[in-house]
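For the sequence shown, the residue numbers in my numbering are 188 to 642.
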Amino acid sequence: AAYFLQRISGAAELNAFVDLNEEQTMHEAKLADEQLASGNKSLLMGIPLAHKDVFVTKHWKTTAGSKILTNYLSPFDAHVVAELRGAGMVCLGKVNMDEFAMGSTNESSYAGVAKNPWAIDRVPGGSSGGSAIAVAAGLSLAATGTDTGGSIRQPASLCGITGIKPTYGKVSRFGMIAYASSLDQAGPMAKTAEDCAIMLNVMAGHDAKDSTSLDRAKEDYTKNLGKTWSGEAGLPLKGLRVGLPKEYFGDGLSSDVRQAVEAAIEQLKKMGAECVPVTLPKTELSIPVYYVIAPAEASSNLSRFDGVRYGHRADKYDDLLDMYKRSRSEGFGAEVKRRIMIGTYVLSHGYYDAYYLKAQRIRRIIAQDFQNAFESCDIIAGPVAPTVAGKIGEKVSDPTQMYLEDIYTLSPNLAGLPAMSMPCGFGDNQMPVGIQLIGNYFSEAQLLQVAHAYQ
Ligand code: GLN
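1. Under the assumption that residue 480 contacts residue 566 (Cβ atoms under 8 Å), give the Cβ distance between them as a whole number of angstroms.
2. Cβ of residue 659 within 8 Å of any heavy atom in ligand 1?
3. Specify which residues have a beta carbon nearer than 6 Å to any heavy atom of ligand 1, listing them in chain order.
4. Would you tell me roughly how many angstroms separate the C-alpha atoms of residue 652 and residue 542, rounded to the nearest one?
5. Since residue 626 is in the beta strand (DSSP E), which residue starts that stretch and which ends it?
6. For the region 238-245 and the region 259-268, state whether three or more C-beta atom pairs, one from each stretch, are separated by less than 8 Å.
7. Based on the DSSP secondary-structure assignment, which residues constitute the bridge partners of residue 278?
8. What's the gap between the Cα of residue 583 and the Cα of residue 209?
9. In the DSSP assignment, what are the bridge partners of residue 311?
10. Starting from the Cα of residue 629, find the closest Cα among 606, 521, 361, 474 and give me that residue.
11. In the DSSP assignment, find the alpha helix (DSSP H) that holds residue 382 and state where it starts and stops.
12. Output needed for residue 402: all residues of its chain with C-beta closer than 7 Å, excluding positions within five of it in sequence on either side, in chain order.
13. Give a yes or no on whether the C-beta atoms belonging to residue 291 and residue 572 are separated by under 9 Å.
14. Got a sec? Which residues, its chain only, sit under 6 Å from residue 589 by beta carbon, not counting five neighbours each side?
15. Give the range of the alpha helix (DSSP H) segment to which residue 640 is assigned.
16. Candidates 531, 633, 237: which alpha carbon is nearest residue 284's?
17. What separation, rounded to the nearest whole angstrom, lies between the Cα atoms of residue 306 and residue 226?
18. Residue 217 and residue 249: beta carbons closer than 9 Å?
19. Check whether chain B comes within 9 Å of residue 252, counting only Cβ atoms and requiring the distance to be less than that.
20. On a CA-only basis, which of 493, 462, 452, 531 is nearest residue 483? Give me that one, please.
21. Does DSSP classify residue 483 as helix, strand or coil?
22. Tell me which residue opens and which closes the beta strand (DSSP E) that residue 352 is part of.
23. Starting from residue 220, follow the beta strand (DSSP E) in both directions and report where the run begins and ends.
24. Rounded to whole angstroms, what is the Cα-Cα separation between residue 477 and residue 554?
25. Just mark residue 537 as buried or exposed, buried being the case when its beta carbon has 16 or more other beta carbons within 10 Å.
26. Could you tell me the boundaries of the alpha helix (DSSP H) in which residue 205 lies?
27. What does DSSP give as the partner residue(s) for residue 428 in the beta ladder?
28. For residue 242, write down the residues that DSSP places opposite it in a beta bridge.
29. Which runs of the alpha helix (DSSP H) at least 4 residues long sit entirely within the region 282-341? Give them in chain order.
30. To the nearest angstrom, how far is the alpha carbon of residue 570 from that of residue 506?
31. According to DSSP, what are the bridge partners of residue 567?
32. My guess is that residue 300 and residue 202 are in contact by the Cβ rule of under 8 Å, so how many angstroms apart are they, rounded?
33. Between which two residues does the beta strand (DSSP E) holding residue 516 run?
34. Does the separation of the CB atoms of residue 319 and residue 336 fall below 9 Å?
35. My output table needs one value for residue 374: the three-state DSSP class, helix, strand or coil.
36. Between residue 547 and the rest of its own chain, which residues show a CB-CB distance below 8 Å, the 5 nearest in sequence each way excluded?
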């Protein structure tokens with residue numbers, strides 16, 4: 188842990204970490220050392236990790252990238268934080284993210300933009316940008332992330348690491364500051380699929396404190412690693428049917444990313460996989476549907492930040508209403524305000540049916556499209572993002588353009604499906620590219636199996 192803390196201070200210009208607590212880190216490391224000395228050799232004992240600043244932590248501040256939570260200290264740990272510590276992992280600190288996980292570039296963070304270790308003038312992706320940087324730059328061996336519409340997969344892709352968003356309900360959201368509760372899901376980010384599987388074993392599982400947590404038996408996500416798809420000797424992926432949605436390889440995809448993803452698909456074929464064309468006809472609608480539902484839920488979730496119970500409170504105000512107004516105006520950034528406005532609008536009387544209800548209906552169709560596709564394939568493969576990481580500042584002035592780039596990652600969240608990103612080469616400017624694998628409900632072990640075979 189001391190070694191990693193040193194690396195973190197040496198890489199301060201990446202702006203990956205937003206809070207450190209050396210004393211607590213070294214305390215956790217000491218406890219892990221004692222366990223190791225007494226013969227407890229469990230896999231994660233003493234392994235350092237970083238937590239996205241959206242998970243509440245007792246010993247580190249939790250700001251969710253927002254001014255409104257400046258200096259906030261939680262009286263308890265998020266479920267995921269407690270479980271990973273229980274397994275022996277040592278927390279190095281909290282990492283940067285877009286404000287309340289809204290964004291794809293880490294530029295909406297109150298702590299300032301975090302930088303892509305592959306090129307310091309480029310964004311790391313978002314919203315789990317700090318998590319991806321920490322792993323990619325060797326500042327930590329693993330990190331937690333959250334994914335509402337791509338926030339684990341997209342930064343993983345842009346920084347050249349592996350990350351998985353599990354099936355909705357697999358990982359408890361208790362203590363994870365809510366963005367859009369029906370889409371939010373936590374997952375591991377690490378160098379390899381194997382590392383992700385080992386972490387997911389600890390993170391996933393039923394938790395009574397989250398009403399959407401699935402009450403299913405614990406699973407071993409490493410159980411398929413190294414096994415052939417068919418279970419018989421021969422090519423590792425023989426019998427695997429990989430669906431290629433034509434909507435994922437259309438005009439919007441830049442040629443360098445296309446090349447890297449197609450090369451990875453060729454590799455899967457060499458390993459025995461068979462590719463089948465599939466269609467996800469409502470892919471394009473995932474953008475308007477997501478950008479109605481996510482802001483709607485966000486506007487409701489963020490109403491708790493009122494300056495009364497926690498977080499920033501305006502210095503000067505006339506009365507209670509004025510205090511709410513000023514605290515929220517000062518505390519939230521531009522992107523968050525934009526989404527609160529959109530969300531409030533689509534939920535308002537008179538517009539609810541036209542926007543929110545319609546979006547919910549199309550959401551159902553999007554989920555059904557995946558089920559149709561999974562009749563002819565076992566997993567779906569495609570790009571994660573249409574381009575490699577862009578330059579810092581390039582897109583801040585055009586939020587709609589930024590929303591459009593979420594095209595390949597939003598639908599799995601809308602459907603609640605597991606999906607992951609793993610590195611598959613490099614595109615323009617020697618920037619990393621990831622390939623996305625999407626599976627049916629509860630197929631995490633299979634996704635990780637394919638990724639592990641490829642890696
Ligand atoms: N980029 C998407 C958004 O801004 C997804 C973010 C996320 O998954 N948290 O909402």
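Each residue gets a CB set at the ideal place from its N, CA and C atoms; glycine is no exception.
Owing to the predicted nature of the structure, the values given are computational and were not obtained by experimental measurement.
Taking the definition as stated:
1. Not really, about 25 Å apart at Cβ, beyond 8 Å.
2. No information on residue 659 is available, as it lies outside the stretch 188 to 642 that the chain covers here.
3. Going by the Cβ distance cut-off, the answer is 288, 289, 290, 291, 314, 334, 335, 336, 337, 338, 366, 481, 593.
4. Because the chain is modelled from 188 through 642, residue 652 falls outside the range shown and cannot be assessed.
5. DSSP places residue 626 in the uninterrupted beta strand (DSSP E) bounded by 619-626.
6. Yes: at least three Cβ pairs fall under 8 Å.
7. The partner list for residue 278 (beta bridge, DSSP) reads 236.
8. Those two C-alpha atoms are separated by around 34 Å.
9. Note: residue 311 sits in no beta bridge, so no partner.
10. Cα-wise, what sits closest to residue 629 is 606.
11. Counting along the chain, the alpha helix (DSSP H) containing residue 382 begins and ends at 380-390.
12. Hits under 7 Å: 393.
13. Inclusion of residue 291 and residue 572 in the CB contact set at 9 Å is warranted, their separation being smaller than that value.
14. Sequence-distant Cβ neighbours of residue 589 in its own chain, meaning closer than 6 Å and more than five residues away, are 291, 582.
15. Element bounds for residue 640: 631-641.
16. Closest by alpha carbon: 237.
17. CA-to-CA, the gap between residue 306 and residue 226 works out to about 42 Å.
18. Their beta carbons are not under 9 Å apart, which means residue 217 does not touch residue 249 by this criterion.
19. Of the chains in the structure shown, none is chain B; there is only one protein chain.
20. It is 531 whose Cα lies nearest to the Cα of residue 483.
21. It is helical.
22. Boundaries of the beta strand (DSSP E) around residue 352: 349-352.
23. Per DSSP, residue 220 belongs to no beta strand (DSSP E); it is in the alpha helix (DSSP H), 209-224.
24. One alpha carbon belongs to residue 477, the other to residue 554, and they sit about 13 Å apart.
25. Around the CB of residue 537, fewer than 16 other CB atoms lie within 10 Å, so the residue is classed as exposed.
26. That residue, residue 205, is in no alpha helix (DSSP H); its beta strand (DSSP E) goes 204-206.
27. DSSP output for residue 428 lists 461 as bridge partner(s).
28. In the DSSP output, where bridge partners are listed per residue, residue 242 has 363.
29. As for any alpha helix (DSSP H) of minimum length 4 sitting wholly inside the region 282-341, the runs are 316-323, ordered along the chain.
30. Answer to the nearest angstrom: the Cα atoms are 51 Å apart.
31. BP columns for residue 567 point to 430, 625.
32. That belief holds up - the Cβ atoms of residue 300 and residue 202 are roughly 7 Å apart, short of 8 Å.
33. Looking at the DSSP string, residue 516 is not in any beta strand (DSSP E); the run it does join, the alpha helix (DSSP H), is 507-518.
34. For residue 319 and residue 336, no; Cβs fall outside 9 Å.
35. Of the three classes helix, strand and coil, the one that applies to residue 374 here is strand, per DSSP.
36. So the qualifying residues of the chain are 480.
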